[in-house]
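If you read the protein sequences in the order shown, they are chains A and B. Each residue of the first sequence is one higher than the one before, counting from 423 in this note's numbering. Each residue of the second sequence is one higher than the one before, counting from 71 in this note's numbering. All C-beta atoms, glycine included, are put in the ideal place defined by N, C-alpha and C. None of the values given here were measured: they were computed from a predicted structure. Report on the structure given below.
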Amino acid sequence: MRQQFCKTASEIIRSNELSCLLLGDIGVHGFRDLLKEFPLRAINIGILEQSMVGVAAGYSMAGFTPIVHTIAPFMVERALEQIKIDFGYQQLSGNFVSVGASFDYAALGCTHHCPADISILSDIPGVNLYVPGTASEFEQLFHSNWNNGGLNYFRLSENTNSTSYLTVSKMHLVKSGKLATVIVVGPILDRVLEATKNLDLDVIYINYLGPEEIDFFEITIKGSRLVIIEPYYTGPVLQRLSSYIESNKIAIKQIGIPRRFLTNYGSTEDHYVNLGFTPEALYQEIVNFIND
Amino acid sequence: MSQMYDKCMQHFQNLQSELNKLRIDILRAAMNSKEGHIPSAFSILDILYCIFIDTEGKKNSKDRNFKFILSKGHASLALYAVLARANYINETWITGFGQFNSLFGGHPDRTKVQGVLASTGSLGHGLPMGVGLAMAQRALGVGDKVFVLIGDGELNEGSNWESFMIANHHMLGNLTVIIDYNLSSHRAVRQENLSEKLTSFGFSTSSINGHDHNEIFFALFEKNDNFPKAVIANTIKGNGLSDMENNPAWHHAIPSNEQYLAFMKELQK
């Protein structure tokens, strides 16, 4: 997905004079030709994330649409106030593309983890959150939305799905059933489909969380049971279902990254296994919930 | 010779009268809303006047294109007063300031007020944005100067020093950082030897009397070279009212009715 970002962003910088790219000393090698070709619009700004976001806001004030890129915790947690105030409050448009997701930098430890990014940014009014499941989904989402005039966050992941969902839809009904509805976000769809392959339930896939509530107009929560599975701290999907929940009595189970420091190292998959994100473990959790 | 002296004195008296009118507007707005950082506004009034109003006392003309960010947003009273004088906004700001549905808050909002480029208030945000603006001007091939006014207390924020590094690295000759050096930093982390520090960061640095309009005009508009500029404007917090000058008790205080009347008398002399 990182390589796709490099390709897609480069295409945009080359073809659009009012785009600009700011790197926080990350991804520099991949963009090396672009940085030489467009020194005033494609810049390795350095390891100063708060100022990087502020500089991006300055470009945005001047009519550019910036693309800002660094590792997720440094972008979202270190420079949160700058994203919130310089972009959100000032209603400036900009794109923030993070790498690292929850624990893709597993071997480097917690300083490079960011399972909180989606839930933190969810609290900035007006933000668009994109959690693509594949490189192709990222390309489609980014090309379609980078210049939408809004505040956009794209979460690159090492983990990806085998199938891309590229039709323009906020929700994709991937599997139909009767006993429950599972909503799954982003690049963990494959393991959820494996977990639920023999279960009689709906699986709905989403890769976008907008500022508004999720429109369940055409969807019924089967069996009045809803399972929400997210590859970060839980909460953002539920936050966007509050009106539906107020009007419908349903039982809800949220599965996500637990809110604790994950102090092991290893690989991304090691963490998923340890946290119960295997098809077997997910199957058991869902079955227990349905039977409860 | 005495004709020239009389002309200078007349110009000076006219200017002080102009500035006192702006101070009166600021006091009225603060009294009406019971809100505002009056001394911070007074310390930058001369600087803002020189940026937005030219030497003939008129709104700064279009051939002197500039972008301005007030990074120390709590001094908004001064910005509104000068923007009104320069006809960006009208005088309804005085009665509206700080009111619930007003466009004019204690910190300026770029989505509400013409002439306000950045919604500042959280210190340390304005200069990075100004650096980005300066870089963007260059990318656009446009020659606008970018002025960012920061406070010396605000210099405690690390993002300013990150911005100095960026500005130096990218040789932003179109950027001028004005430091309102009113000694606010002295109660926290003192910002001393600023001239040497900023020169070491690659800035073309000058130190001026922040209430002398000739010095302000020269530092902001006449000095041109390829380096980013830092103007250390030595100012008096609360300048213009004897009881307020350098009196920390007034930082975020609003006068009582008696004090207000005394202040108005002093300004109307």
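Out of the options, which has the shortest C-alpha to C-alpha gap to residue i?
i	options	result
T162 of chain B	B:S192, B:N102, B:M199 and B:S189	B:N102
Q676 of chain A	A:R647, A:S665 and A:T533	A:R647
G272 of chain B	B:I164, B:D295 and B:L193	B:D295
E635 of chain A	A:P547, A:E459 and A:K506	A:P547
V606 of chain A	A:D539, A:N570 and A:I708	A:I708
L115 of chain B	B:Y330, B:W320, B:G310 and B:H321	B:G310
P488 of chain A	A:E499, A:P680 and A:L445	A:L445
I117 of chain B	B:V301, B:N226, B:G243 and B:W320	B:V301
V596 of chain A	A:L684, A:L611 and A:V521	A:L611
M422 of chain A	A:P461, A:V490, A:F460 and A:E459	As shown, chain A starts at 423 and ends at 714. That puts residue 422 of chain A outside it, with no answer to give.
Y330 of chain B	B:K104, B:V259, B:G196 and B:S87	B:K104
S579 of chain A	A:P461, A:K506, A:Y654 and A:F699	A:Y654
N226 of chain B	B:S192, B:F167 and B:C120	B:S192
S416 of chain B	B:L253, B:V216, B:G202 and B:G211	Coverage of chain B is limited to positions 71 through 339, which leaves residue 416 of chain B absent and any answer about it impossible.
F291 of chain B	B:Q86, B:H144, B:H239 and B:N130	B:N130
N550 of chain A	A:F486, A:V519 and A:A431	A:V519
E459 of chain A	A:L443, A:D447, A:I469 and A:L470	A:L443
G476 of chain A	B:F122, B:G175, B:G200 and B:A145	B:G200
L253 of chain B	B:Q207, B:T275, B:I306 and B:H283	B:I306
Taking the straight line between their C-alpha atoms, what separation do you get for residue i and residue j?
i	j	result
K267 of chain B	R257 of chain B	20 angstroms
I674 of chain A	Y511 of chain A	33 angstroms
S586 of chain A	E561 of chain A	11 angstroms
L543 of chain A	S312 of chain B	48 angstroms
N696 of chain A	C536 of chain A	17 angstroms
P325 of chain B	I96 of chain B	12 angstroms
A303 of chain B	A494 of chain A	39 angstroms
A237 of chain B	L187 of chain B	19 angstroms
W231 of chain B	T492 of chain A	20 angstroms
Y575 of chain A	F453 of chain A	20 angstroms
S598 of chain A	T642 of chain A	11 angstroms
T656 of chain A	T589 of chain A	26 angstroms
I286 of chain B	I220 of chain B	15 angstroms
E616 of chain A	H693 of chain A	18 angstroms
A501 of chain A	A289 of chain B	33 angstroms
S270 of chain B	H534 of chain A	33 angstroms
A99 of chain B	N316 of chain B	21 angstroms
I465 of chain A	C428 of chain A	14 angstroms
F333 of chain B	R93 of chain B	10 angstroms
S558 of chain A	Q426 of chain A	8 angstroms
S584 of chain A	I435 of chain A	29 angstroms
K128 of chain B	A156 of chain B	7 angstroms
Hey, does residue i have any beta-carbon neighbour from chain A nearer than 8 angstroms?
i	result
T246 of chain B	no
H195 of chain B	yes
E232 of chain B	yes
S229 of chain B	yes
L187 of chain B	yes
S146 of chain B	no
S141 of chain B	no
I236 of chain B	yes
S110 of chain B	no
S103 of chain B	no
S192 of chain B	yes
Under 8 angstroms, Cβ to Cβ, is there at least one residue of chain B near residue i?
i	result
D545 of chain A	no
E499 of chain A	no
G698 of chain A	no
I542 of chain A	no
I435 of chain A	no
E691 of chain A	no
I667 of chain A	no
G468 of chain A	yes
E652 of chain A	no
L462 of chain A	yes
I505 of chain A	no
How close, in whole Å, do the beta carbons of residue i and residue j come, if the pair is a contact with beta carbons under 8 angstroms?
i	j	result
S420 of chain B	P198 of chain B	It is not possible to answer for residue 420 of chain B, since the shown part of chain B is limited to 71 through 339.
L245 of chain B	P298 of chain B	5 angstroms
I139 of chain B	T190 of chain B	7 angstroms
Y251 of chain B	D222 of chain B	5 angstroms
Members of the segment 441 to 458 of chain A near chain B, C-beta cut-off 9 angstroms: C442 and L444
Chain-ordered residues of the segment 563 to 574 of chain A with a beta carbon less than 9 angstroms from chain B: none
Residues of the segment 198 to 219 of chain B whose Cβ lies closer than 7 angstroms to any Cβ of chain A, in chain order: P198, M199, G200, V201, G202, L203, M205, A206, Q207, R208, A209 and L210
Interfacial residues, the segment 251 to 274 of chain B to chain A, with Cβ spacing under 9 angstroms: none
Residues within the segment 623 to 645 of chain A neighbouring chain B, beta-carbon criterion of under 9 angstroms: none
Where the segment 151 to 185 of chain B meets chain A: residues whose CB sits under 8 angstroms from a CB there: R180 and T181
Against chain B: residues of the segment 509 to 537 of chain A by CB proximity under 8 angstroms: Y511, Q512 and Q513
Proximal residues, the segment 471 to 500 of chain A versus chain B, C-beta separation under 7 angstroms: Q472, S473, G476, V477, A478, A479, G480, Y481, M483, A484 and F486
Residues of the segment 299 to 326 of chain B with Cβ closer than 8 angstroms to any Cβ of chain A, in chain order: none
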